[in-house]
Amino acid sequence: MRLHSAAPFAPLKIELPTFETESTKMHRSHSVALVSLFAALMAVLGLIPKIDLAFGVPITLQTLGVMLAGCLLGPRLAFQALVLFLTAVAIGLPLLSGGRGGFGVFLTPSAGYLLAWPFGALVTGWIMRAITTDTPARLAISGFIASLVGGLVVIHASGVVGLVNIAGMTVTQALIATSTFVPGDIVKCVLCSLVCHTVARGLPDWRFANSKV
């Protein structure tokens, strides 16, 4: 008689419930607070009077907030802060410079610039994370480079697309129009660099975009 061995038992899997630690809760609360803080900073910068230009896109200080978010928060939190801010604008809060708000602002010649803000902050944070160092002077240089690429190049490239598709400009006209903002945006990059230097000296434990949040 041939005996067949019984089929082996399948291993018993026991899934234990996971509990959020106190440090995880604090970390999450800290992240939410930072995102909210920088969204509020964008609103405060919107209180500073804008300078209207003929082609429908004003000069404002709010792009400085985009640069600062990328440098100080890192890519993910900076992106979230700008998405939160633009969501508030879209539902009608008058948080853009000049008291503008509502979904209609995303149908104006400014749309390309506005929609690029989260991505400009994201790229700024990525670059800052890649090249940042521990000394205040080098952090300042890193902040300038990151702001220049993320806060100027990315936003202006999207702005040109918006001017072509919404304002009906040619690419050449759009490039000439967006060049109006470049000198002022370079000044904002310098200001962002100085803020990075100041934060690095005054708050040496601040991790800038090196934080993995």
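Okay, so the sequence shown: first residue is 9 according to our numbering, each after it adds one. C-beta atoms are modelled at their ideal positions from N, C-alpha and C, and glycine is treated no differently.
Tell me residue i's beta-bridge partners as DSSP assigns them.
i	result
LEU104	ARG108
ILE59	ILE67
Nearest-angstrom Cα distance between residue i and residue j?
i	j	result
PRO102	ALA208	33 Å
PHE46	LEU122	16 Å
LEU171	GLY159	18 Å
HIS38	SER44	10 Å
VAL203	LEU130	18 Å
ALA124	SER166	6 Å
LEU4	ARG146	Lying before the first or after the last residue shown, residue 4 is absent from the chain, which here runs from 9 to 221.
THR95	HIS205	31 Å
ALA175	GLY110	19 Å
LEU55	ILE99	18 Å
THR116	PHE93	18 Å
When we look at the beta-carbon of residue i and count the other beta-carbons within 10 Å, is it buried (16 or more) or exposed?
i	result
ASP142	exposed
GLY210	exposed
ARG36	exposed
SER187	exposed
ALA231	The displayed coordinates of the chain run from 9 to 221. Any statement about residue 231 would go beyond what the structure contains.
GLY112	exposed
VAL97	buried
THR180	exposed
PRO83	buried
ALA182	buried
GLY107	exposed
Leaving out the 5 sequence neighbours to the left and right, which residues in its chain are closer than 6 Å to residue i when beta-carbon positions are compared?
i	result
LYS220	In this prediction, LYS220 scores a pLDDT of 44, lower than 50, which makes its location untrustworthy; no coordinate-derived value is stated.
HIS164	THR186
MET177	LEU171
PRO126	PHE87, LEU90 and VAL91
GLY128	VAL74, GLY158, GLY159, VAL162 and ILE163
Output needed for residue i: all residues of its chain with C-beta closer than 8 Å, excluding positions within five of it in sequence on either side, in chain order.
i	result
SER155	MET75, GLY78, CYS79, THR132, LYS196, CYS197, CYS200 and SER201
PHE63	PRO117, LEU171, ALA175, MET177 and ALA185
CB-CB under 7 Å to residue i, same chain, minus the five flanking residues each way: which ones, in chain order?
i	result
PRO191	none
VAL169	GLY120
LEU61	ILE67 and THR188
THR71	GLY159, ILE163, ASP193 and LYS196
ASN1	What is shown of the chain runs 9 to 221, which leaves residue 1 out entirely.
Would you say residue i reaches chain B, if we count a Cβ-Cβ gap shorter than 7 Å as a contact?
i	result
MET75	Among the chains of the structure shown, chain B does not appear; only one protein chain is present.
Count the C-beta pairs between the segment 72 to 87 and the segment 120 to 138 that are closer than 8 Å, then say yes if the count reaches three, no if not. yes
Pairing CB atoms from the segment 82 to 98 with CB atoms from the segment 55 to 68, are three or more of them under 8 Å? no
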